[in-house]
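Visitor: Going line by line, the protein sequences match chains V and U. Just so we're aligned: 119 in the numbering used here is position 62 of the first sequence, and the numbers increase by one with no gaps anywhere. Just so we're aligned: 57 in the numbering used here is position 48 of the second sequence, and the numbers increase by one with no gaps anywhere. Each residue gets a CB set at the ideal place from its N, CA and C atoms; glycine is no exception. To start, I am sharing the structure in question, which I have written as structure tokens.
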Amino acid sequence: MRRNWWHAYALAGLVSVIVATAAFVSYRNAAFERRELGRATHAATSVSKGLRPMDNVVAAYLVSPAVPSEHYEFLRERSVTEADGSHRRLGGKNAGPFDKRIYDAANQYDKSGPFVQLVTDTDYVIAAQPASGGVAVAITTPPKGPEAFPWLVVLGLLVMGSLVCAAGTLVGGSARPLGLALGASGLAVPTFLWSGLVIALFLVACSMLIAWADWRGSLERAGRELRKGGIAYAFLTPTAMAMLVLVGIPFVVGLGLGFYNNNHGEWTFVGLDNFIQILSGDGRSLSDPLNFWFTLGVTVAWTAVNVVLHVSIGVALALVLRQRWLKGRHGFRMLLILPWAIPNYITALIWKGMFQFEYGAINSVLSTVGLDKVNWFSEWSTSFASNVATNTWLGFPFMMVVALGALENIPSDMYEAAEVDGASPWQRFHHITIPHLMPAMLPALALGAIWTFNMFNVIYLVSDGRPGGGTDILVTEAYRWAFERGERYGLAAAYATIIFLILILWTIIGSRLAKKDAE
Amino acid sequence: MNRRAPKPISQGLVYLGISMLTVIVLYPVMVILKKAFEPGRNFATSVSPVPTEFSLEHFENLLSSANSSGDLLFLRYAWNSTLVALATTIVGLCLACTAAYALSRFRFAGRRFGIATFLAVQMFPGTLLLMPLYVILHKLGLLNSLLGLVLVYATTAIPFCVWTLKGYFDSLPKELEEAARLDGASSFKIFYMIMLPLAKPGLAVTGLFSFMTAWNEFILASTFLTDDSAYTLPVLLKSSVGQYSADWGLFAAGAILTSLPVMALFYFLQRYLVGGLTAGSVKG
């Protein structure tokens, strides 16, 4: 026996009320603004024609053009025509309460022509219209209390809808989903009047979807799941809400920004232009550091070289540190993980100093040995190598510690048994050590690759992209487009989206490979 | 392999190699130590990592430098850093502990999706969200405010805390909960009266790690904070060795004071970190 019809109807009704309320509020605000702006414009036009404005107008004047003050030439004065035809200078001793606003409005009119605007923080509407002998300025206040929410309409429609829905259920058969869809779509009619066809159709589609889900029994199953996991969902809710606000919203905003262009704070929709510009290389040659594909190549090379170095040095050290005969191996371990303990921006800044041309420690070592000093950041290869050296220095301890942990878990009798069976050291390494090492190293490798791919601090602080942006990786490139090359926020957001897609792709491929490996 | 030691000559080679690596690891640290206690602004004046002169002038300069209104800068930034890191930790732990418990103990529809989401958000770097966060904070007027920075840090702190705490709850025995349930305790009571007290060590370790992460964060802080009264320590250190005027002595002194506490913490906690990081990726 299927559950009562009103469960599904309540869900559909809730969705409808939320959407309809949003539609009504936005419609009301827009209508309010339109009406008030129109009223202010009308008042200004009346003044310009020499008529008296209507009520609810706070101030309306014919304002004269600005003329230099008699005493001080840099001051520019304006005067207004009072109702009795006399003239009064704006500002000064007996200034009215709105003189400053009127003066500013007249200035804005001189600069950019007729306008009307809502001053949101003070609830005034200001309009300026052309008039003979100056400009007509009117300030109006909107009446308090905007239009009330039409509770009666909404309630009535909901009750009517519930009747239709109940009737459909009584008839039974395919009348049930039909009744539900029809009844729940009721609120689409006023929504159509408030916000147009698209939103209304969306409501109808929602109702139909819910009716269909109810018909299929999916709603019932979802309800059962929800009840079963009720406590778990209660525990999850605070975190989920926080994540939605703190991560979800910026994420969606970031995805959206990629389709816009920012020009001094003005956002214009440009569709796929940013993505096309990035992926086509923007007409630059492949060897140009600003070409996306060049940066991608550098990033891949950077990740590959680093991960290979981290893993090989880390594993080699772990194999050595495991040997019982090595004296002071705990001391060595403590010293060798030091780079991991230092905050990585400090490490990067230290190495930037080490690679300095004049006083850097590395050039000091070179000249002590009798070699020439190297200008590390003037060539791509040496600059790239400096970044790699820094990142290897700070990155290998993680791999070493992971490998040590995995090696400690190998039971030593395995080696003894293999030795008894006459296995050579190489065979023991190949058949015992490597298979035990892999399960721990693979996830560490995936994690390390993602970290390196996005290692902002080292690139930004050590080579800073020198020479000419050549050693920049994708994340630093995106950052520069946003904050160092004319606030191209849209382009930077598109870059971030592309980086995100690459990472997703890499994660999917990685987990597929891991699964295949496990089988 | 483990049993018999190799020939002395290969042992010698191993000692040589590992000692050289240790020297390479220690050298930059020694140079910075030397710089901190040696007068002068330049990075290195000789190859030797031993200071020729000894003075505390860099530390004195660092601790006594003040802005126009008389605030002691280093102390002020240290206070900012502490405040931001503490607030981030508290927000992260409070919001994460219930979710971590739910993901660890309950089976419900959407659990796998939840775990995958937390893992993905924790893995992907904050720099990807930097742009939209900047635009949003700008709109809200929260640039240059420590509150804004805490909100930004929470985006990575919450998933990190959820993930590590879940690992800790997984390791706790289930018997106590079952006994309490038989005695008629509600789920919330079990969580509040039994699980949270049991998880204290896990909460402490997770909290310390998220404190360290916030304390060490550089790029978001230096992008969002442009007013020098709101700086945190990393922003100060970066600006002390800028493009045009670099004072490496000041930097070295600041780097030591800034990183010593977190390095001590790191050595104290490192064995927990590896377990958490790799266990997470293996099971996910």
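Can you name, in chain order, every residue of its own chain whose Cβ lies under 6 Å from the Cβ of Arg390/V, other than the five neighbours on each side?
Guide: Leu378.
Visitor: Please list the residues of the stretch 310-327 of chain V that have a C-beta atom closer than 8 Å to any C-beta atom in chain U, keeping them in chain order.
Guide: Result list: Val310, Gly311, Leu314.
Visitor: Is Lys198/U close to chain V? Criterion is C-beta to C-beta, closer than 8 Å.
Guide: Answer no: the Cβ-Cβ gap between Lys198/U and chain V never drops below 8 Å.
Visitor: For the stretch 86-116 of chain U, enumerate the residues whose C-beta is nearer than 7 Å to any C-beta of chain A, in chain order.
Guide: As a matter of chain content, chain A is missing from the structure shown, whose protein chains are V and U.
Visitor: Taking Cβ-Cβ distances shorter than 8 Å, what residues in chain U pair up with Glu90/V?
Guide: What Glu90/V touches in chain U: nothing, since even the nearest Cβ is about 20 Å away.
Visitor: Give a yes or no on whether 8 Å exceeds the smallest Cβ distance from Gly525/V to chain U.
Guide: Gly525/V does not count as touching chain U.
Visitor: Pull up the distance between the alpha-carbon of Ala166/U and that of Phe133/U, whole angstroms please.
Guide: Each residue's alpha carbon lies about 12 Å from the other.
Visitor: Since Tyr517/V contacts Thr528/V with CB under 8 Å, what's their CB separation in whole angstroms?
Guide: Tyr517/V to Thr528/V, Cβ: 10 Å. No contact.
Visitor: Check the DSSP bridge columns for His144/V and list the partner residues they point to.
Guide: Beta-bridge pairing links His144/V to Thr138/V.
Visitor: Give the interface partners of Val365/V over in chain U, defined as CB-CB distance under 8 Å, in chain order.
Guide: Residues of chain U passing the Cβ test: none, with the nearest at roughly 17 Å.
Visitor: Does Pro141/U get closer than 8 Å to chain V when you measure Cβ to Cβ?
Guide: At least one chain V Cβ lies under 8 Å of Pro141/U.
Visitor: CA-CA distance, Leu7/U and Phe260/U?
Guide: Residue 7/U is absent from the structure shown; chain U starts at 10 and stops at 293.
Visitor: Express the C-alpha separation of Gly311/V and Leu235/V in angstroms, rounding to a whole number.
Guide: Spanning the two alpha carbons is a distance of roughly 40 Å.
Visitor: Taking Phe275/U as the reference, give the member of Ala239/U, Thr235/U, Gly258/U, Val214/U with the closest Cα.
Guide: Of Ala239/U, Thr235/U, Gly258/U, Val214/U, the residue nearest in Cα terms is Val214/U.
Visitor: List the DSSP bridge partners of Leu119/V.
Guide: DSSP lists Thr138/V, Ala193/V as partners of Leu119/V.
Visitor: Using CA coordinates, which residue listed in Pro492/V, Leu562/V, Thr447/V, Ile556/V is at the minimum distance from Val38/U?
Guide: Considering only alpha carbons, the answer is Thr447/V.
Visitor: Looking only at its own chain, which residues have a Cβ that is under 7 Å from the Cβ of Ala262/U, when we skip the five neighbours before and after it?
Guide: Only Ala45, His67, Phe68, Leu71 meet the Cβ criterion.
Visitor: Specify the secondary structure class of Pro187/V as computed by DSSP and reduced to three states.
Guide: Pro187/V falls in the strand class under three-state DSSP.
Visitor: Taking only the alpha-carbon atoms, compute the straight-line gap between Trp88/U and Pro243/U and give it to the nearest angstrom.
Guide: Whole-angstrom Cα-Cα distance: 12 Å.
Visitor: Use the C-beta contact count for Trp224/U: other C-beta atoms within 10 angstroms, 16 or more gives buried, fewer gives exposed.
Guide: With 16 or more other Cβ atoms within 10 Å, it is buried.
Visitor: Considering only C-alpha positions, which residue in the set Phe277/U, Leu266/U, Ala255/U, Lys16/U is nearest to Asn51/U?
Guide: Ranking Phe277/U, Leu266/U, Ala255/U, Lys16/U by Cα distance to Asn51/U puts Ala255/U first.
Visitor: Taking Met29/U as the query, report the chain V residues whose CB atoms sit under 9 Å from its CB, ordered along the chain.
Guide: None at all; the shortest Cβ gap to chain V is about 12 Å.
Visitor: Would you mind sorting Ser290/U into buried or exposed? The rule is 16 or more other CB atoms within 10 Å of its CB.
Guide: Confidence at Ser290/U is low in this model, with a pLDDT of 42, below 50, so the placement of that residue should be treated as unreliable; the coordinate-derived value is given next. Ser290/U should be labelled buried.
Visitor: Pick out whichever of Ile196/V, Ile399/V, Gly70/V, Arg545/V has its Cα sitting closest to the Cα of Gly240/V.
Guide: For the residues Ile196/V, Ile399/V, Gly70/V, Arg545/V, the minimum Cα distance to Gly240/V belongs to Gly70/V.
Visitor: Here's the rule: buried if 16 or more other CB atoms are within 10 angstroms of the residue's CB, otherwise exposed. What is Arg135/V?
Guide: Arg135/V comes out buried.
Visitor: Do we get a CB-CB distance below 8 Å when we pair Ile228/U with the residues of chain V?
Guide: Chain V, which has a Cβ nearer than 8 Å to the Cβ of Ile228/U, makes this yes.
Visitor: State the Cα-Cα distance for the pair Tyr546/V and Thr136/U, rounded to the nearest angstrom.
Guide: Those two C-alpha atoms are separated by around 14 Å.
Visitor: Should the stretch 89-102 of chain V be regarded as contacting the stretch 189-200 of chain V, the criterion being three or more beta carbon pairs within less than 8 Å?
Guide: Judged by Cβ distances under 8 Å, the stretch 89-102 of chain V makes contact with the stretch 189-200 of chain V, as three or more pairs qualify.
Visitor: May I ask which residues mark the beginning and end of the beta strand (DSSP E) holding Glu323/V?
Guide: Looking at the DSSP string, the run of the beta strand (DSSP E) that includes Glu323/V is 323-326.
Visitor: Taking the alpha-carbon positions, what's the Leu353/V to Ala361/V distance?
Guide: Whole-angstrom Cα-Cα distance: 12 Å.
Visitor: Leaving out the 5 sequence neighbours to the left and right, which residues in its chain are closer than 7 Å to Ser344/V when beta-carbon positions are compared?
Guide: Excluding sequence neighbours, Ser344/V sits near Phe351.
Visitor: Per DSSP, what kind of secondary structure is Arg133/V in: helix, strand or coil?
Guide: Residue state, collapsed to three classes: strand.
Visitor: Which runs of the alpha helix (DSSP H) fall wholly inside the stretch 37-77 of chain U and span at least 4 residues, in chain order?
Guide: Runs of the alpha helix (DSSP H) inside the stretch 37-77 of chain U: 66-73.
Visitor: Using the Cα positions of Ala230/U and Met300/V, report the straight-line distance between them to the nearest angstrom.
Guide: Those two C-alpha atoms are separated by around 21 Å.
Visitor: Going by other Cβ atoms of all chains shown within 10 Å of its Cβ, with 16 needed for buried, is Leu250/V buried or exposed?
Guide: It counts as exposed.
Visitor: Should the stretch 413-420 of chain V be regarded as contacting the stretch 480-495 of chain V, the criterion being three or more beta carbon pairs within less than 8 Å?
Guide: The answer is no - the stretch 480-495 of chain V does not touch the stretch 413-420 of chain V, with fewer than three Cβ pairs under 8 Å.
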